[in-house]
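Residue numbers (this note's numbering): 143 to 390.
Only one structure is covered here, and it is reproduced in the block below.
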């Protein structure tokens with residue numbers, strides 16, 4: 143029986159196609175979650191019940207006793223069909239905001255040449271987590287923003303987690319905690335001047351939110367709201383003092 147071990151390694155050129163696919167998939171995951179949560183929102187359920195009642199009343203398809211058991215099933219097709227326009231409208235209103243956010247990710251400064259971008263400074267890096275030959279997840283920590291902005295060779299004081307994704311099958315194992323801890327350790331150890339690492343956080347991706355909170359990331363600012371129910375995007379940061387205190 144083959145023995146499989148989990149490992150974390152750096153991004154290599156042969157990963158490029160897979161990584162681009164995963165980044166795109168991760169960027170659109172929030173839309174699927176937002177749609178599912180919206181379907182179960184009390185307002186949406188009330189709208190569905192009202193629409194179903196209106197159609198049933200107009201077409202006179204209420205249950206009738208004379209047809210026996212089958213008579214009580216008459217409303218079910220209409221009630222099922224009335225969910226379709228509601229689901230369509232929810233996706234219609236949700237999609238533009240999430241697609242815009244996904245486009246911002248896919249047009250990020252690292253996407254043109256990921257290998258060169260994450261090799262620019264030792265504190266930057268993209269790491270792939272694997273279990274045997276199976277892809278588990280990835281994290282990309284970028285400390286190049288200050289260097290690019292000023293066009294000067296200097297030690298960066300801040301970094302950002304641009305991409306963080308774990309395949310759904312492995313999330314319950316907590317491997318995301320190990321992957322995040324590895325990226326933080328590599329960044330803080332490589333650059334003594336690095337003071338903080340920040341990340342975008344959303345309640346729509348709870349495994350990332352819990353991982354960031356467990357790693358002592360604190361809320362720094364509320365960013366924009368997104369979707370039909372105004373899901374809040376947040377910026378969380380981990381400061382070197384807290385990281386050192388936790389990893390003594």
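Cβ atoms here follow ideal geometry from the backbone N, Cα and C, with glycine treated the same way.
Exercise for the section: Determine the DSSP secondary structure at residue 373, reduced to helix, strand or coil. Expected result: strand
Problem - Residue from 370, 373, 151, 157 with nearest C-alpha to residue 255 - result: 157
Exercise for the section: Identify every residue that forms a DSSP beta bridge with residue 360. Expected result: 379
Problem - Buried or exposed (CB count within 10 angstroms, at least 16 for buried), residue 298 - result: buried
Practice task
Would you check if the stretch 165-173 and the stretch 190-202 touch, i.e. whether three or more CB-CB distances between them fall below 8 Å?
Solution key: The answer is no - the stretch 165-173 does not touch the stretch 190-202, with fewer than three Cβ pairs under 8 Å.
Handout entry: C-beta contact flag for residue 377 and residue 340 at 8 Å
Key = yes
Handout entry: 8 Å CB neighbourhood of residue 313 in its chain, flanking five on each side removed
Key = Excluding residues up to 5 positions away in sequence, 349 lie with their Cβ nearer than 8 Å to the Cβ of residue 313 in the same chain.
Exercise for the section: Could you check the C-alpha separation between residue 143 and residue 338 for me, to the nearest Å? Expected result: Note that residue 143 has pLDDT 40, beneath the 50 cutoff, so the model's placement of it is unreliable and the number below is only indicative. Using only the alpha carbons, I get a separation of about 44 Å.
Exercise for the section: Given a cut-off of 8 Å, decide if residue 266 and residue 283 are closer than it, judged by their beta-carbon atoms. Expected result: yes
Exercise for the section: State the Cα-Cα distance for the pair residue 161 and residue 220, rounded to the nearest angstrom. Expected result: 43 Å
Problem - Bridge-paired residues (DSSP) for residue 307 - result: 280
Practice task
Can you have a look at residue 222 and say buried or exposed, based on whether 16 or more other CB atoms are within 10 angstroms of its CB?
Solution key: exposed
Practice task
Grab the span of the alpha helix (DSSP H) containing residue 247 for me, first residue to last.
Solution key: Segment 225-248, the alpha helix (DSSP H) holding residue 247.
Exercise for the section: Return yes when the Cβ of residue 280 is within less than 8 Å of the Cβ of residue 155, no when it is not. Expected result: no
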